[in-house]
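>
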Amino acid sequence: MPNNHLCQEARVSLERIRSLKQDFDVSFEKALTSGDETDKQRAQQNKQALDQEMTQLRIEMYAWEKRAIESQELELLGSLSHKKETDDPLNKYELFVLYEIYTQRPLSDDLLDWRDTRDTQEDLLTMFDASP
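Numbering follows our numbering, with no gaps: position 83 of the sequence shown is 92.
What follows is the structure in structure tokens.
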């Protein structure tokens with residue numbers, strides 16, 4: 010399972026971040042109390058290592074989130090393709106979703122207002138309107 014592997018990697022990164030944070034806290038406290046230049050440099054090095062690890066984790070999480078969003082789009086497109094094959098009509102909301110996906114242009118203000126204030130009872134179940 011790729012998600013399980015990603016979760017394990019994220020946990021390992023998080024543990025490294027916790028360890029680096031502890032190292033930084035200790036070195037920072039020591040630099041404050043001693044005022045020694047080498048202690049200050051050590052604290053700065055620990056801070057840089059902590060920042061780098063956090064940045065790397067953010068990049069990994071962004072890539073995971075992007076793949077999750079793309080897979081949801083693919084599921085929606087698959088559902089819409091099935092409707093096309095079976096001649097099921099699309100509702101207005103699904104048409105707007107397709108428009109946003111394929112044109113990559115924002116909807117006009119009046120369409121955005123309609124989308125955000127519409128009565129969801131009129132819509133077919135979509136990935137955006139899931140109910141338990």
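Glycine included, C-beta positions come from ideal geometry on N, C-alpha and C.
For Ala52, does the count of other Cβ atoms within 10 angstroms reach 16, so buried, or fall short, so exposed?
Position 43 of the sequence shown holds residue 52. With 16 or more other Cβ atoms within 10 Å, it is buried.
> Rounded to whole angstroms, what is the Cα-Cα separation between Phe37 and Gln65?
Taking the first residue of the sequence shown as position 1, residue 37 is located at position 28. Taking the first residue of the sequence shown as position 1, residue 65 is located at position 56. Going by the C-alpha atoms only, they are around 23 angstroms apart.
> I need the straight-line Cα distance from Gln31 to Thr47, nearest angstrom please.
Sequence index remark: in the sequence shown, residue 31 carries index 22 (1-based). Sequence index remark: in the sequence shown, residue 47 carries index 38 (1-based). Rounded to whole angstroms, Gln31 to Thr47 spans 18 angstroms at the Cα level.
> Label Ala72 either buried or exposed according to how many other C-beta atoms from any shown protein chain fall within 10 Å of its C-beta, with 16 as the threshold for buried.
By one-based count along the sequence shown, residue 72 stands at place 63. Burial call: exposed.
> Compute the Euclidean distance between the alpha carbons of Val21 and Arg27, then round it to the nearest angstrom.
Along the sequence shown, read from residue 1 onward, the residue named residue 21 stands at position 12. Along the sequence shown, read from residue 1 onward, the residue named residue 27 stands at position 18. Their Cα atoms are separated by approximately 10 angstroms.
> Would you say the beta carbon of Arg51 comes nearer than 7 angstroms to a heavy atom of the ligand NAP?
Judged by which ligands are present, the structure shown has none, so any question about the ligand NAP falls away.
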